[in-house]
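Written below as structure tokens is the structure these notes are about.
Below you can see the structure in the form of structure tokens.
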């Protein structure tokens with residue numbers, strides 16, 4: 104049993120799981136506040152990455168400005184989407200809203216292809232290059248710093264939910280809309296806030312994922328892995344996003360290394376089914392109590 | 022209550038329905054067959070993941086057709102090129118094929134993918150009218166018994182690996198080689214046969230890594246690769262991603278392997294996109310690059326004249342396909358035979374020591390379904406060019 | 447205008463086609479379907495067959511999602527099971543074509559039953575995501591088993607019916623369209639029976655249904671089984687139509703596509719299936735008519751993607767009950783004409 108190898112693989116798996124956790128966070132924010140399953144989360148990631156590409160490569164802005172621009176731009180997109188596509192469907196069956204996000208994904212992919220064509224591209228390098236060493240184990244620098252960013256953001260969001268008025272308002276709206284209204288919470292504003300925040304986090308995730316794997320108009324498939332993570336962690340749990348992400352990243356890394364590349368996705372889905380059988384609402388999701 | 026008033030809406034609705042009906046009925050009529058022109062049909066991936074190649078291929082075929090027609094055509098008959106976009110999807114390709122062949126008399130066809138070439142093969146065999154080539158270099162297609170109406174415009178993927186392995190065996194006998202390939206038909210195609218070929222050349226295959234399609238993070242694969250410590254790593258089944266990430270992480274972790282790729286990675290513009298990581302990247306390319314002036318190539322000069330900006334190797338592939346189509350058609354008509362699949366293929370197989378005008382560095386012979394010739398090139402990032410690192414290698 | 451649709455027996459009341467006008471239109475529709483293959487070019491026949499296969503599969507999904515309320519993203523996977531079964535049986539056993547189709551349906555049904563087992567524990571969205579697992583597991587099986595030919599897939603000879611090889615779209619039309627019609631009619635009939643009513647009850651409120659005495663697990667599994675049987679037969683037809691099946695032939699995107707078909711069509715109709723298959727083709731046709739060369743094609747394809755997405759979003763925002771509602775409005779108008787609706 105090569106422990107050093109196992110440690111190295113596990114470490115890299117956990118770190119790449121951090122990336123999943125970040126994207127999952129964006130998804131959970133929207134679901135928690137508005138009960139909408141946003142399958143276009145992968146495409147919003149893509150928009151963030153492409154905006155960064157536009158600002159940093161085409162306009163040659165300094166990196167920090169490009170990141171800011173990309174994040175704000177995607178946030179704006181989130182607000183627009185919420186206003187035009189989600190708000191009108193309040194009260195419709197959730198499957199219809201889900202379909203709207205499918206349509207949205209199509210629109211975003213098409214827009215990216217119109218402006219930037221379907222070619223694969225690489226983002227300008229801005230993350231440090233030296234590999235991170237933990238003992239004898241190598242950790243790819245981009246992944247390491249990416250998951251560090253993810254961790255910081257998740258802790259930030261957890262704190263915000265706990266202590267900031269807006270965060271509390273979000274949690275209130277999530278548990279009972281009617282009660283939130285009667286407490287004087289501006290529920291539509293909370294919705295917009297949730298979508299904007301989710302979009303901004305997706306943008307950050309997109310920039311990191313893009314700088315690792317390059318960007319292309321089919322980048323959105325990353326959203327599928329994120330879906331698995333949120334189901335395992337619980338659709339409306341921020342902590343679940345972190346734990347689920349790390350867990351899935353670990354499973355993928357172990358399956359890929361010890362069984363072979365083709366087993367990665369299979370292992371992930373077997374884990375998914377397993378978790379659902381034991382805990383149908385995910386590890387940390389709220390148990391929906393149905394009443395007659 | 023005026024029950025007789027027709028609501029204006031119903032009139033509008035009715036005329037809309039009539040107009041829609043007329044519009045739909047029109048294309049239902051079968052189109053008249055074309056006359057004397059020799060038609061080259063094409064399912065071309067002008068959009069989608071393979072778009073950069075599709076646009077190049079389209080331009081290449083169109084340009085060659087123009088050259089032939091300007092010179093008077095083939096025995097007075099003009100060439101006509103009828104492309105359809107497919108987005109690199111098999112159903113779209115098949116639909117395009119059906120559309121083009123139902124509207125024209127087609128004798129030559131360009132297919133956009135391995136999947137399509139395999140799907141349409143029974144149809145080709147049944148109609149027997151068409152000779153087909155395409156963007157695929159799949160090993161399975163290189164079988165004249167199973168695919169008698171098709172051919173490859175270059176070496177198949179196993180032959181490409183063969184050329185690379187031959188080069189490796191010469192440069193460093195007994196070296197350790199790693200294969201990194203994508204989990205797709207494209208990626209898996211040459212791996213088994215190439216492993217056997219490597220063993221025959223006295224090389225050892227240190228590790229074979231398969232990456233799931235669309236995977237973003239390859240750090241665990243790089244760790245495995247590093248542990249295997251190969252002298253050469255061959256990538257196959259990708260266009261660009263995730264090769265730069267592999268190379269970059271590998272170099273960061275101290276790997277000394279040389280990095281190589283196959284045809285669809287080796288276009289100059291693609292390799293240049295790799296940035297710093299791409300310096301020294303090698304691979305096999307059966308054609309000369311656009312900017313190659315190392316030897317006399319009248320066709321390349323002509324292309325440079327027609328198109329002043331850089332043309333990809335996909336363009337060359339399309340151009341060359343049209344050239345071989347034309348040659349096969351010419352030889353068939355010269356022999357007084359009608360243009361159908363069997364005769365065109367037989368004519369193609371009479372091509373021996375044929376000069377492609379410098380697009381391929383040596384005269385070519387098409388004995389079966391492929392052209393097993395290629396050259397190893399290395400990327401020179403400073404000069405932003407691909408430079409040759411070997412002679413033109415011919416496999417039996 | 448409908449005046450006095452008075453029925454004198456329960457059977458007449460529950461009939462699928464109850465008015466004279468409906469029956470006339472049915473006759474006209476059948477006549478058109480019979481004449482179509484003689485008038486249309488190869489390309490349009492090809493499209494018609496494709497539409498029929500998609501309608502068959504979408505109808506199956508409709509039973510599961512539209513009527514029983516269990517959202518499933520595994521329809522393409524079940525089609526794949528049917529297609530591969532047909533391919534394996536045709537190439538290795540040479541069994542007759544109809545037997546293969548039924549076998550394909552049964553294998554897919556078994557797959558559907560397996561996927562349906564979690565449906566008692568897991569609800570709503572979680573179930574939907576679990577069905578994605580079906581997609582990936584079947585893809586893995588197809589790509590890695592020797593039996594299924596690995597990544598190159600399987601190719602099969604044309605189906606033989608009464609000694610005639612079904613190798614052109616024209617011949618296949620005469621098999622595919624009747625099978626689809628049978629399946630659609632079967633589904634429509636299903637909802638006049640006890641089973642269909644049980645499904646609808648489960649969709650509306652499954653706890654109440656259980657209280658009323660409907661055994662949930664049995665009916666949910668039945669729903670999964672039925673819808674995957676439909677998918678399996680559709681997949682078998684697909685295999686005979688394309689004559690090559692590969693693991694890439696049935697991607698997750700196809701399942702999403704079917705789901706979109708029934709939602710945009712309005713749950714409970716076949717219009718959606720026709721709409722979703724025809725719209726990309728019609729868009730292509732419309733854009734083909736616009737002038738311009740290759741550059742336009744390259745530009746226009748993503749425009750088509752955007753328009754397609756906009757259509758889905760637009761339909762759902764402005765008409766959440768889908769095309770069916772639009773159709774019902776048209777029908778209501780004609781029923782009440784010349785009175786205002």
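Protein chains in written order, with my numbering: chain A, 104 to 395; chain B, 22 to 417; chain C, 447 to 787.
Beta carbons are placed, not taken as given, at the ideal position from N, Cα and C, and that holds for glycine.
Nothing here was measured: the structure is a model prediction, and the numbers come from that model.
Whole-angstrom Cβ separation of residue i and residue j, contact assumed at under 8 angstroms?
i                     : j                     : result
residue 593 (chain C) : residue 533 (chain C) : With a Cβ gap of about 10 angstroms, residue 593 (chain C) and residue 533 (chain C) do not count as contacting.
residue 400 (chain A) : residue 348 (chain A) : Absent from the model: residue 400 (chain A). The displayed extent of chain A is 104 to 395, so no value can be given.
residue 761 (chain C) : residue 750 (chain C) : With 8 angstroms as the limit, residue 761 (chain C) and residue 750 (chain C) do not qualify as a contact, their Cβ atoms being about 16 angstroms apart.
residue 320 (chain B) : residue 380 (chain B) : 5 angstroms
Taking the alpha-carbon of residue i as reference, which of the options has the nearest alpha-carbon?
i                     : options                       : result
residue 199 (chain B) : B:205, B:191, B:213 and B:206 : B:213
residue 503 (chain C) : C:655, C:749, C:674 and C:688 : C:674
residue 179 (chain A) : A:374, A:377, A:306 and A:310 : A:306
residue 353 (chain B) : B:84, B:95 and B:57           : B:95
residue 287 (chain B) : B:185, B:118, B:360 and B:247 : B:185
residue 725 (chain C) : C:709, C:481, C:753 and C:748 : C:753
residue 300 (chain A) : A:135, A:119, A:378 and A:243 : A:135
residue 554 (chain C) : C:765, C:748 and C:679        : C:679
Does the beta-carbon of residue i, which I'm using as the reference point, lie nearer than 6 angstroms to any heavy atom of the ligand SAM?
i                     : result
residue 648 (chain C) : The ligand SAM is not part of the structure shown, which contains no ligands of any sort.
Distance cutoff 7 angstroms, beta carbons only. Does residue i sit that close to anything in chain B?
i                     : result
residue 135 (chain A) : no
residue 201 (chain A) : no
residue 189 (chain A) : no
residue 222 (chain A) : yes
residue 111 (chain A) : yes
residue 337 (chain A) : no
residue 126 (chain A) : no
residue 774 (chain C) : no
Is the shortest distance between the beta-carbon of residue i and the beta-carbons of chain C less than 7 angstroms?
i                     : result
residue 180 (chain B) : no
residue 123 (chain B) : yes
residue 383 (chain A) : yes
residue 185 (chain A) : no
residue 206 (chain B) : yes
residue 209 (chain B) : yes
residue 234 (chain B) : no
residue 213 (chain A) : yes
residue 119 (chain B) : yes
residue 143 (chain B) : yes
residue 257 (chain A) : no
Distance check for residue j and residue i, CA to CA, integer angstroms please.
i                     : j                     : result
residue 143 (chain B) : residue 283 (chain B) : 29 angstroms
residue 780 (chain C) : residue 774 (chain C) : 10 angstroms
residue 343 (chain B) : residue 125 (chain B) : 18 angstroms
residue 128 (chain B) : residue 219 (chain B) : 39 angstroms
residue 568 (chain C) : residue 577 (chain C) : 11 angstroms
residue 281 (chain B) : residue 158 (chain A) : 32 angstroms
residue 231 (chain B) : residue 205 (chain B) : 9 angstroms
residue 635 (chain C) : residue 462 (chain C) : 7 angstroms
residue 131 (chain A) : residue 245 (chain A) : 24 angstroms
residue 183 (chain A) : residue 81 (chain B)  : 43 angstroms
residue 369 (chain B) : residue 210 (chain B) : 25 angstroms
residue 331 (chain B) : residue 290 (chain B) : 9 angstroms
residue 397 (chain B) : residue 76 (chain B)  : 25 angstroms
residue 207 (chain B) : residue 157 (chain B) : 9 angstroms
residue 346 (chain B) : residue 586 (chain C) : 39 angstroms
residue 362 (chain A) : residue 354 (chain A) : 11 angstroms
Anything in chain F within Cβ reach of residue i, meaning under 7 angstroms, just list it in chain order.
i                     : result
residue 230 (chain B) : Among the chains of the structure shown, chain F does not appear; the protein chains present are A, B and C.
Under 7 angstroms between C-beta atoms, does residue i make it to chain A?
i                     : result
residue 584 (chain C) : no
residue 289 (chain B) : no
residue 405 (chain B) : no
State the start and end residues of the unbroken beta strand (DSSP E) segment that holds residue i.
i                     : result
residue 659 (chain C) : Taken as a continuous stretch (DSSP letters only), residue 659 (chain C) belongs to no beta strand (DSSP E), as it is neither H nor E.
residue 132 (chain B) : 127-132
I'd like the span of the alpha helix (DSSP H) that includes residue i, first residue to last.
i                     : result
residue 106 (chain A) : 106-137
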